[in-house]
Structures are given as C-alpha cells and as structure tokens.
Amino acid sequence: YSLFLLFPSGLVGVVLSTNLIELYLFVEIALVPAFLMIDLFGYSDRHRIALMYFVWNHLGAALFLVGVVLAFSGNGSFQISDLGRISGTSVAFWACLLILVGWLIKMAVFGFHVWIRYAHGNTPTAIAPIIATIVGLGNYVLVRLFAEPHAPLRDTFTVFSLPLAVWAIVTMIYGALLTFSQDDIKLLYACSTISQTAYSLLGIATLTSLGVSGGIFYFLSHTLGKCILFLTAGAIFVQTGTRNMKEMGGLARKMPLTAVLCILGSMILTAIPPLSGFQAEWILFTGIFSYGFQSTLCLFLAVMGVLATFLSLVYTFWPAVRIFFGQLPQPMEKVKEAKLSMTIPLIIIASISLIIGLYPELFTRFLNSVL
C-alpha cells in the first residue's frame, strides 16, 4: 500500500512542479513504485520484466534529463517559465528534440512500444492502471512544455508538429493491428493502450486549442475506460482462472454485472454517448480537422485518424463479444459473478465517466482557462 501511495505522490508532484529538475525527480518517483510492484508481485518472469520496464522508462527519463541540462546551458535556469529565453535557437531545437523523444519512449509509441506488452502481461491487474497512467502522463508534460498557448518552447515545437502527427497516426494503426492478434485479454488491452495513447498525441501535434484540450480530455477519458477494462479482465481471471479468450464464451449468463461493466468500459474508449469518451473525441477531432484544413497532407492525416477510430471500435468490442456471448464452455458452468469488492469500484469509475459525459463543462472549463 505504501508503494500505491508513492505513485500518486509522484503524479501530484509532476503537476505542481515549476522547475524542470523537480519535474524529473517526481517523474522518477512515479516510476519507482511501478518497478518495485512488478518485481515484487509480478508473475514467474517478473524480475526480467521489471528490469525491462525500468530500463526503457529510465532511458526515456535520461533523455529528458539531458534535454533539461542542455536547456539550462542556454538560459542558466531550470525554471519552466524561463525556457522561453532560448526559444528559436539551436539549443532550443535540440533540447526540444531530446525531451520529446524521451517522453515518446515512456509513452510506448511505435518503435518504442516493445516493453509495454510484457509489463502488462506479467503483472497483477491492480498494477495495470498505474502503468497505463504513466504512459499517458507524457501527454500532460508535452502540453505543458510545448503545446499550450503560453508554453515556453511552443514556437520551437512547431517544427516537430507534422512529423509527430504522422508518428501518432502510424502508432494508432499499428497498435490497432497488433491488438487484433491477441487472445490473452490483458495483452489485448495492453496493446490497445499503444493505439489509444496516440489519439491524445495526435491532438497535441496539431497545436490547435481544441486539439490540445481534446487530447488532454481524451487522456482522462481513456484512463477511466482502461481502468474499467483492466480491472474487469482481472475479475474475469479470478473467477475463471484463465485469460485466454479462446477458452471463454457465454459468460454474460454467469457474470452479468461484469459484462455490463466491460461493455461500459468499451463504450468509453470508442466514444459512444453519453459517456466521457464521446465528448473527448468530439473536441479532439474538431481540433484535428481544423488542423487538417491547412494542407492536403494534414487533411489526409485527419481522415486516417477517423479510420483508426473504426479499428478501435472493432478491437474494443470484439473481446467483449468473445467473452460474454456465444456458447458457454463446459468448464465455465460453475463460474460465479465477481465479488462486490471488485465491481463496486468499477461502477464508481463508470459513474464518473457518465457525469463528465453529461456535463463536460465540469472538466473543460479548467482546460479553457489555460488553453
């Protein structure tokens, strides 16, 4: 439990940091408990997987730190507000590049995604939402340093806007195709994280007000939906003893509440109203298409982003159909509904998503105040 408490402490520190060194230290504080929980409570190959997780994430953090030191060499200050002094210089370009690549590694985008599948697949379900949150944390940092209207390095970051948008589209499509090849329910949701984190990244890459705010909104909504799906997968594993979807089917008759929660989580991720995912994607793609009208290539990227949402619709509901509908296998006849201790927290999360979906201004008014 102390490790669980250390993780949100790191997240709060990241949000409150005004200094780049503080930001780096709190990012590492958020990394350490996830590493220790994988190593201590993971499955048979937990030590190797924990080391892989640590190396990849620390590599990203190290590049971020090098970029921070390079920025310091140009302006003599670690304050985030002072980064604007080097804007437009070669130092700013290389610092921006190093910081960006460092966070893309931690976000498991295409090319840097190899670690996330193993990290999710070999850890207890309770740790999975923590890993997913760390992956999405990069969206907040990129917005704060580069993408919000008053971000200190926004002018320098415009050079990376189009390449980052292309990278995001490739990640969205690759992550979706990778998801289709999974039969392990946890690995399926892990691979879907690769694709869905890139939605926020695409919005940030547009540098439009709606694209950036929609990207952050989508990050929040994705976190809610993915928590429901990962914890639903854990409940299914506890009740059935397997994560292989080939061995499942017809479980809605045995676990009706779990089935409803799984479908609600899928609805959040696929932007079906009235849940929060719909409002998030509406704002996000409004910003993406306003960016798309700038050129033919940008419009093509916006259209490809919409096509990727149809892939997400398939790979998100496909496991729910395989698990909860169809013929019930003989070994599953004695399966019972998950305990209330497993389902009540998921009902609360789904309720939060519903409230945000019905009253998005509860969240967007805070975004609008800065974006």
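With the first letter of the sequence shown counted as 1, position 17 gets the number 17 in the numbering used here; the numbers rise by one all the way through. We treat Cβ as the ideally placed atom computed from N, Cα and C, and that holds for glycine.
Each residue's CA atom was taken as its position, placing Pro360 and Ser276 some 8 Å apart. For the pair Glu247 and Lys334, the Cα-to-Cα distance works out to about 14 Å. Under the rule that a run must span 4 or more residues, the alpha helix (DSSP H) segments found entirely inside the stretch 15-88 read 20-41 and 46-75. Leu367 and Ile216 do touch by the CB rule: their CB atoms are close to 6 Å apart, below 8 Å.
At a Cβ-Cβ threshold of 8 Å, Ser192 and Gly175 count as neighbours. With a beta-carbon spacing of about 22 Å, Asn139 and Gln79 fall beyond the 8 Å limit used to define contacts. In the three-state reduction of the DSSP assignment, Asn139 falls in the helix class, which pools H, G and I.
Fully contained in the stretch 223-307 are the following alpha helix (DSSP H) runs of length 4 or more, in chain order: 256-269 and 276-292. Counted as a single uninterrupted DSSP element, the alpha helix (DSSP H) harbouring Pro345 occupies residues Leu340 to Leu358.
Taking a cut-off of 8 Å on C-beta distances, the stretch 83-97 does not touch the stretch 124-144, as fewer than three cross pairs fall below it. Collapsing the DSSP output to three states places Asp155 in a helix. In the pairwise beta carbon analysis, the stretch 226-241 is classified as not touching the stretch 275-291: fewer than three pairs are separated by under 8 Å. Nearest Cα to Cys298 within the set Phe230, Trp167, Val101 and Gly42: Trp167. When C-beta atoms of the stretch 56-76 are compared with those of the stretch 92-108, three or more pairs fall below 8 Å, so the two segments count as touching. With a 10 Å radius around the Cβ and a threshold of 16 neighbouring Cβ atoms, Gly326 comes out exposed. Distance from the CA of Ser161 to the CA of Val114, rounded to the nearest whole angstrom, comes to 24 Å. Beta-bridge annotation (DSSP): Asp184 is paired with Asn244. For Lys106, the uninterrupted alpha helix (DSSP H) segment begins and ends at Ser90 to Lys106. In the three-state scheme derived from DSSP, where H, G and I count as helix and E and B as strand, Pro163 is classed as helix. When C-beta atoms of the stretch 253-273 are compared with those of the stretch 345-354, three or more pairs fall below 8 Å, so the two segments count as touching. A straight-line Cα-Cα distance of about 9 Å links Pro274 and Met267. The shortest C-alpha to C-alpha distance from Tyr189 to any of Pro8, His222, Trp94 and Phe110 is the one to His222. The beta-carbon separation of Thr208 and Gly287, rounded to 4 Å, stays under the 8 Å limit for a contact.
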